[in-house]
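Q: One structure follows; several queries about it will come next.
Structure below.
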């Protein structure tokens with residue numbers, strides 16, 4: 038492993054460890070240190086926004102595993118997943134929690150407790166267990182479209198694998214803080230050792246708005262001051278800074294310079310990830326995780342001076358099923374009056390205004406996120422809406438393909 042990188046990681050962990058031991062959750066303090074207050078505090082003054090945000094995918098991207106948070110059945114016959122080697126993993130509800138239990142010919146092999154549910158449950162949900170001082174992904178996930186348990190993405194169909202380690206590269210975008218006790222060099226890489234249960238679930242207010250302790254203190258003492266003080270005002274950031282706030286998690290996995298838990302609003306992406314010198318063509322990018330690259334290659338973005346993720350998305354509300362809302366935002370630029378409206382003359386303009394999205398940002402199958410359901414021999418891909426805005430048409434197989442803008446990723 039790069040010695041310099043290791044030394045940086047060790048220093049980071051040492052600082053974080055001191056902060057967390059002094060200000061741990063057992064004392065009611067935020068795991069991130071004195072500058073943070075936790076999202077529940079924001080609800081005092083921003084209750085409507087806070088209540089709306091609770092239902093969003095960002096907030097629910099990770100949760101403590103429980104009867105209410107884990108999707109899928111825990112009673113027969115819908116709680117069993119069979120592997121090719123004859124091992125069955127059974128989802129069992131016990132007095133001490135929810136478990137995935139492996140049996141071979143009816144004989145117990147091993148059992149692991151659901152600790153964390155990863156994913157909002159809109160598309161799929163996978164799960165994590167804790168052993169020793171490390172987190173591991175469980176071999177069986179839940180696929181919403183199939184309403185059934187499925188083999189976890191990238192796992193073998195031949196046997197259940199309980200040894201895939203989950204590290205901060207995963208937690209960095211699915212939690213607001215996961216405490217690492219220390220990092221040890223191991224061969225050409227490193228091993229992270231975690232503090233069990235020291236997690237701030239979901240992507241909370243302060244991941245996007247920055248530490249709010251001073252902001253809260255000031256406005257408690259100055260209730261008449263209506264303009265936000267001692268907090269990053271998103272509308273004052275440069276457009277690239279706004280984009281980077283989303284791209285830190287929506288631009289795919291890349292070698293990290295430092296922990297993205299350190300990322301604050303106004304930070305630049307280039308300070309957190311090494312440059313990608315072998316950038317693939319846009320046509321080769323998978324729709325999962327590379328929303329930033331696909332969006333920034335779109336002509337809508339290229340021809341705009343100030344378009345960013347928030348031009349279309351309200352991060353405080355769940356709008357994903359309301360295509361009319363998104364379509365109306367397209368109308369901010371694509372207007373009949375200035376002849377920039379959709380040129381499809383076979384459909385009435387009033388109808389087009391109800392749904393631009395399915396034509397210009399269709400849902401496509403992911404090549405990287407595929408899950409094998411019970412009894413199937415071919416994995417089912419997760420379907421995700423592409424962020425490469427363009428003109429699409431069905432190809433000869435009935436799969437939509439991009440008609441224009443194919444050279445965007447040259």
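In the working numbering, the protein residues as written are 38 to 447. Note that the Cβ used here is the ideal one computed from N, Cα and C, for glycine as well. Treat the numbers as computed from the prediction; the structure is a model and nothing was measured.
Please check the pair residue 165 and residue 174, which I expect to be a contact at CB under 8 Å, by giving their CB distance rounded to whole angstroms.
A: That pair is a contact at about 6 Å.
Q: In angstroms, rounded to a whole number, what distance separates the CA positions of residue 389 and residue 399?
A: Going by the C-alpha atoms only, they are around 15 Å apart.
Q: If you draw a straight line from the alpha carbon of residue 150 to that of residue 94, how long is it in whole angstroms?
A: Distance between the alpha carbons of residue 150 and residue 94: 24 Å.
Q: Work out the CA separation of residue 111 and residue 80 for me, nearest whole Å.
A: Those two C-alpha atoms are separated by around 35 Å.
Q: Looking at C-alpha atoms only, which residue of 156, 127 and 404 is the closest neighbour of residue 137?
A: Comparing Cα-Cα distances from residue 137 to each of 156, 127 and 404, the minimum goes to 127.
Q: What is the DSSP secondary structure of residue 366, reduced to helix, strand or coil?
A: Residue 366: helix per DSSP, three-state reduction.
Q: Quick one: Cα of residue 194 to Cα of residue 257, how far?
A: Looking at the two C-alpha atoms, the distance is approximately 56 Å.
Q: Between which two residues does the alpha helix (DSSP H) containing residue 282 stretch?
A: Element bounds for residue 282: 276-287.
Q: DSSP three-state call for residue 327: helix, strand or coil?
A: Correct three-state label for residue 327: coil.
Q: Run the CB neighbour count on residue 202, radius 10 Å, all protein chains shown included, and call it buried at 16 or more, exposed below.
A: So residue 202 ends up on the exposed side.
Q: Please classify residue 350: does DSSP put it in a helix, a strand, or coil?
A: In this structure, residue 350 counts as coil in the three-state DSSP scheme.
Q: Compute the distance between the beta-carbons of residue 230 and residue 155, then report whether it is under 8 Å.
A: No, the Cβ-Cβ distance between residue 230 and residue 155 is not below 8 Å.
Q: Does the beta-carbon of residue 376 have 16 or more other beta-carbons within 10 angstroms, so that it is buried, or is it exposed?
A: The residue in question, residue 376, is exposed, as its Cβ has fewer than 16 Cβ neighbours within 10 Å.
Q: If we ignore side chains and look at the alpha-carbon of each, how far apart do residue 378 and residue 249 end up?
A: Residue 378 and residue 249: Cα-Cα distance of roughly 42 Å.
Q: Between the C-alpha atoms of residue 392 and residue 358, what's the straight-line distance to the nearest angstrom?
A: Approximately 11 Å between the Cα atoms of the pair.
Q: Given this structure, state the Cα-to-Cα distance separating residue 62 from residue 76, to the nearest angstrom.
A: Confidence is the limiting factor: at residue 62 the pLDDT is only 42, short of 50, which leaves the residue's position unreliable, though a coordinate-based value still follows. So the alpha carbons of these two residues sit roughly 14 Å apart.
Q: From residue 341 to residue 272, what does the alpha carbon distance come to, in whole angstroms?
A: Cα to Cα, residue 341 sits roughly 17 Å from residue 272.
Q: For residue 69, count neighbouring Cβ atoms within 10 angstroms of its own Cβ and tell me buried if that reaches 16, exposed if not.
A: Classification of residue 69: buried, given that the 10 Å Cβ count is 16 or more.
Q: Compare the Cα-Cα distances from residue 158 to each of 89, 415 and 106 and report the closest residue.
A: Among 89, 415 and 106, the Cα nearest to that of residue 158 belongs to 106.
Q: Could you tell me which uninterrupted beta strand (DSSP E) segments, each at least 3 residues in length, are contained entirely in the region 83-122, listed from first to last along the chain?
A: 99-101 and 117-119, all fully within the region 83-122.
Q: In angstroms, rounded to a whole number, what distance separates the CA positions of residue 91 and residue 153?
A: Roughly 18 Å separates the two Cα atoms.
Q: Tell me where the alpha helix (DSSP H) around residue 147 begins and ends.
A: Run containing residue 147: none in the alpha helix (DSSP H); it sits in the beta strand (DSSP E), 144-150.
Q: With burial defined as no fewer than 16 other Cβ atoms inside 10 Å of the residue's Cβ, what is the status of residue 97: buried or exposed?
A: Counting Cβ neighbours within 10 Å, residue 97 comes out buried, since at least 16 surround it.
Q: Indicate the three-state DSSP secondary structure (helix, strand or coil) for residue 164 in the structure shown.
A: Of the three classes helix, strand and coil, the one that applies to residue 164 here is strand, per DSSP.
Q: Say whether the region 274-291 touches the region 304-321, bearing in mind that this needs 3 or more beta-carbon pairs closer than 8 Å, one atom from each stretch.
A: Because the criterion of three Cβ pairs below 8 Å is met, the region 274-291 and the region 304-321 touch.
Q: For residue 440 and residue 276, I'd like the C-alpha separation in whole angstroms.
A: Cα-Cα distance, rounded: 29 Å.
Q: Answer with buried or exposed for residue 243, where buried requires no fewer than 16 other C-beta atoms within 10 angstroms of its C-beta.
A: By the 10 Å Cβ count, residue 243 comes out buried.
Q: Taking only three categories from DSSP, how would you classify residue 451?
A: Past the edges of the chain, shown from 38 to 447, lies residue 451, and the structure says nothing about it.
Q: What's the C-alpha gap between residue 429 and residue 183?
A: Cα-Cα distance, rounded: 27 Å.
Q: Output yes or no for whether 8 Å exceeds the beta carbon distance between residue 363 and residue 349.
A: Taking 8 Å as the Cβ cut-off, residue 363 and residue 349 qualify as a contacting pair.
Q: I'd like the list of long-range same chain contacts for residue 286, defined as Cβ closer than 6 Å, with 5 residues on each side in sequence excluded.
A: Cβ neighbours of residue 286 beyond the five flanking positions: 210.
Q: Please state if the CB of residue 133 and the CB of residue 354 are separated by a distance shorter than 8 Å.
A: Contact flag unset, no.
Q: Using CA atoms only, rank isn't needed, just tell me which of 265, 140, 177 and 366 is closest to residue 347.
A: The shortest C-alpha separation from residue 347 is found at 366.
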